[in-house]
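**Student:**
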Amino acid sequence: MTENNTSIGQIQIADEVIAIIAGTASLEVEGVYSASGSATDSFVEFFGKKNQSKGVRVTADSGEVSIEVDIVVEFGYKVQEVALAVQKKVKSAVETMTGLEVMLVNVDITGIAKNTKKHTTEEE
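In structure tokens, the structure reads:
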């Protein structure tokens with residue numbers, strides 16, 4: 002959780018909020034087939050709760066944020082280009098929406114998928 006003290010009080014942003022912003026932004030990038038998550042993410046979704054931060058891990062300290070995003074790339078796209086676009090989109094979205102400084106965005110490509118249903122957060 003990051004904290005920001007203002008003249009009239011304190012603002013706290015939960016890591017989960019940052020993860021949701023990053024996860025949503027990554028799915029908006031052309032060539033991203035889906036987010037890739039852990040077994041825990043799948044378990045949560047099994048019980049009906051949509052996990053918008055699936056495949057995203059956030060480390061926040063003193064107003065600086067590091068983000069790791071796991072994605073599946075759509076077959077036919079250049080993996081390096083998609084990953085770079087995800088880095089830029091996530092960094093921009095988090096900084097714009099939270100005012101925090103994003104130090105790094107690591108993108109892990111966990112798979113390649115044939116295009117049958119784009120931009121889902123379900124594990125393939």
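Position 100, counted from 1, in the sequence shown is what the working numbering calls 101; the numbers after and before it change by one each time, with no gaps.
Where a beta carbon is used, it is the ideal one built from N, C-alpha and C, also for glycine.
Keep in mind that this is a model prediction, so the values were computed, not measured.
(1) Does DSSP classify Q11 as helix, strand or coil?
(2) What is the DSSP secondary structure of A36, reduced to helix, strand or coil?
(3) Rounded to the nearest angstrom, how far is the Cβ of E96 from that of S54, given a contact under 8 Å?
(4) Within this structure, are the beta carbons of V59 and A20 separated by less than 8 Å?
(5) Relative to the alpha-carbon of G77, which residue among A26, E65, I113 has its alpha-carbon at the smallest distance?
(6) Could you tell me how far apart the beta carbons of V70 and V108 are, in whole angstroms, since I believe they sit closer than 8 Å?
(7) Which of the three DSSP states, helix, strand or coil, is assigned to G77?
**Tutor:** The structure says:
(1) Here residue 11 corresponds to residue number 10 of the sequence shown, with the count starting at 1. In this structure, Q11 counts as strand in the three-state DSSP scheme.
(2) Along the sequence shown, read from residue 1 onward, the residue named residue 36 stands at position 35. A36: strand per DSSP, three-state reduction.
(3) For this step, residue 96 is matched to residue 95 along the sequence shown. For this step, residue 54 is matched to residue 53 along the sequence shown. Incorrect: roughly 17 Å between the Cβ atoms, too far for contact.
(4) In the sequence shown, the residue the question calls residue 59 occupies position 58. In the sequence shown, the residue the question calls residue 20 occupies position 19. In this structure, A20 lies closer than 8 Å to V59 by Cβ.
(5) Here residue 77 corresponds to residue number 76 of the sequence shown, with the count starting at 1. Checking every option, the nearest Cα to that of G77 belongs to I113.
(6) As a first step, residue 70 is located in the sequence shown; it is residue number 69 there, counting from the start. As a first step, residue 108 is located in the sequence shown; it is residue number 107 there, counting from the start. Their Cβ separation, rounded to whole angstroms, is 5 Å, which keeps V70 and V108 in contact under 8 Å.
(7) The count along the sequence shown starts at 1 and reaches residue 77 at position 76. It is coil, neither helix nor strand.
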